[in-house]
Every structure is written in structure tokens, then in C-alpha cells.
Ligand code: NDP
Ligand code: 8X3
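In the working numbering, the protein residues as written are 8 to 263.
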């Protein structure tokens, strides 16, 4: 089915990669469900996409950590917004860069509750309907941090290793159902990610991208749309998407 005939749900659409995915899917003609905690941002994005592309967009507030509210919101979507063909599990964050022995329990809870349990909360709610229809697609936004571990990143990396394990486990559990499961695993992407990691210290966040050209949200979004537009018998299961200047989590060439 062409993208223009599909309904796509994107979590974490208020910023960065999720916002860029909304733009890319709207440009491709998809119907869009966009959500995040910052309702005013997703509502403004919906208005922009309607004006720019004539897109049909429904924006709503969702905190993926809240299991009951997530199930209620997704199960009570207006009938015209069912079925959902493609789920982009993008909502996620890092907090802190301290070694484990100095780490913050609340930072750990936030990362694990969002990146791991939040992704499961949304997927668990939407998968039964996809299975019943005999098709659908889950595209997880993993990370290079799901392939490697770096100093100070133990818990964030653990959360993205968990996304990798869940992606592979889902492919086993869903085999034969017609539902495709993919992960797109970016390296450095210039978004609000580092500002969030450093609790709003934007000067420190900016240093993450000094002297190199990171990926943009649009670079990742183009890959998400490419994965979503493969024919039904093709599953682009896993893509590691890096800036050319990045060879590993810690080996990044900088012109400084
Ligand atoms: P941003 O901070 O720009 O965007 C993160 C998005 O996640 C926001 O829309 C935010 O919305 C949403 N979000 C966070 N917590 C929740 C929650 N509890 N419930 C619902 N939505 C939530 O960062 P990115 O765009 O970079 O991050 C998107 C994904 O990409 C994440 O999973 C991240 O781990 C991954 N990633 C990022 C990389 C990078 O270098 N930037 C590299 C590899 C992967 P709101 O605050 O409004 O809820
Ligand atoms: C984000 C990439 O290397 O900052 O997932 O952890 S990294």
C-alpha cells in the first residue's frame, strides 16, 4: 500500500527526529497521528503540516511512560483514525553523562521508563490490531548506543541495547503475522537531545557537534520513510545511520 494511503503514528513528534518524521510522512501524503507531552508543540506542527501539505493530522498529548493513559488514549482514538498502519517508536531521551557510581536514580528511571517501557507500552497497545488485520509496521528509533557502550553512557546504552533486543524479539514473536519490525539506529543527530541530556545546559550540549557535521532529523526521517515504503515482502530490518565523520560512539573526526 502506498504511503499516501497509510495512517502513521509517531511518538515524540514535538521535536527533533519525530518532528522531522512527521514532516517527511506528510510530504509523502500519509495521514498522521502525532503525540508528545508538549501538546502545544504537536498542535502547532499539525497546523503547519495541514497548511503546507494539506495533510490530515491528529495531534494529542501522550506521555509514553504512563501505561494506563497510553492504552486509553490509543484505544479511544476517533474511529476515523483507525486502523494504524505504521508505528514510529521515536519518543526517547538521555539524561546525564555521569559514571554509574555517581549516577542519578531519577535520570535512570526517566531513561528506562521512556526508552524501554514507554516503547513497550505503545507497542503492546497497537500490535493486536495490526496482527488481527494481518499487516502493519513498527519502526523503532534505536541508536548506535544500542551497538556500543561509552563512558558515562551505561544506562542510556542499556536502554538502547534493550530497544535492539525488543526489536529482534518482536520479529520472532510476530513472524508469520505479516507485521514488519525494523530499527533505525542513528549516530549523532543535531536535535534537542544533548540539551535534554545536560538538563538544559545548551553551551555544553553545543560542544557535542563542534567541528563536525552531524545528521539532521530530516536525514533520519528520510530513512524512516524509505523503510516504510519498501514493498510488503521486504523488511529493512536494521539500519545503522552515521554521520560520515563518526566511526564509533567515541571516534568522531572534528575539524578543530
Ligand atoms: P529530541 O529531544 O529532540 O526529541 C525527543 C522527543 O521525545 C520529543 O518530542 C519529546 O517530546 C519526546 N519524549 C520524551 N519523553 C517522552 C515521553 N515520556 N512521552 C512522550 N514523548 C516523549 O531528541 P531526538 O529527536 O534526538 O530523539 C528522538 C529519538 O532518537 C530518541 O529515542 C533518541 O534516543 C534517539 N536518538 C537520538 C540521537 C541523537 O543524537 N539525537 C541518536 C540516536 C538515537 P516531549 O518532551 O514533548 O514529550
Ligand atoms: C544518541 C547517540 O552517541 O549520543 O543515541 O548516545 S549517542
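Beta carbons are placed, not taken as given, at the ideal position from N, Cα and C, and that holds for glycine.
CA-to-CA distance, residue 223 to residue 199, given in whole angstroms: 11 Å
On the premise that residue 103 lies in contact with residue 116, defined as a C-beta separation below 8 Å, what is that separation, rounded to the nearest angstrom? Incorrect: roughly 12 Å between the Cβ atoms, too far for contact.
Provide the residue(s) that pair with residue 42 in DSSP beta bridges, ordered along the chain. 18 and 67
Does the Cβ of residue 118 have 16 or more other Cβ atoms within 10 Å, making it buried, or fewer, making it exposed? buried
Which class does residue 50 belong to by DSSP, given the choice of helix, strand or coil? helix
Tell me whether residue 92 sits in a helix, a strand or coil according to DSSP, three-state version. coil
From the DSSP output, in three-state form, read off residue 83 for me. coil
Per-residue DSSP class, three states only, for residue 144: strand
Step through the CB atoms of chain E and report whether any lies within less than 8 Å of the CB of residue 159. Given the protein chain composition of this structure (a single chain), no chain E is represented.
Which residues in the same chain have their Cβ closer than 8 Å to the Cβ of residue 232, if we skip the five residues on either side of it in sequence? 10, 28, 31, 32 and 35
What is the DSSP secondary structure of residue 193, reduced to helix, strand or coil? strand
Is any heavy atom of the ligand NDP found at a distance shorter than 7 Å from the C-beta of residue 193? Yes, the Cβ of residue 193 comes within 7 Å of a heavy atom of the ligand NDP.
Cutoff 8 Å; reference residue 189; Cβ partners in own chain excluding five residues on either side: 144, 145, 146, 147, 174, 234, 242, 243, 244, 245 and 246
Compute the beta-carbon to beta-carbon distance between residue 154 and residue 192, rounded to the nearest angstrom, for a pair I have assumed lies under 8 Å. 7 Å
Assuming residue 203 and residue 127 are in contact, meaning their beta carbons sit under 8 Å apart, how far apart are those beta carbons, in whole angstroms? The Cβ separation is near 21 Å, so there is no contact.
Rounding to the nearest angstrom, what Cα-Cα distance links residue 187 and residue 172 in this structure? 15 Å
Taking Cβ to Cβ, would you say residue 256 is nearer than 8 Å to residue 151? yes
Residue 249, DSSP secondary structure in three states: coil
Rounded straight-line distance, which links the Cα of residue 181 to that of residue 221: 34 Å
When you compare the CB positions of residue 129 and residue 96, do they come within less than 8 Å of one another, or not? yes
Would you call the segment 41-49 and the segment 61-68 touching, i.e. three or more CB-CB distances under 8 Å? Yes: at least three Cβ pairs fall under 8 Å.
Please identify the residue among 207, 197, 229 and 237 whose C-alpha is closest to the C-alpha of residue 216. 197
Cα-Cα separation between residue 164 and residue 156, rounded to whole angstroms: 6 Å
Between residue 141 and residue 185, is the Cβ-Cβ spacing less than 8 Å? Contact: yes.
Please look up how many angstroms separate the CB atoms of residue 25 and residue 17, rounded, as I've assumed it's under 8 Å. 5 Å
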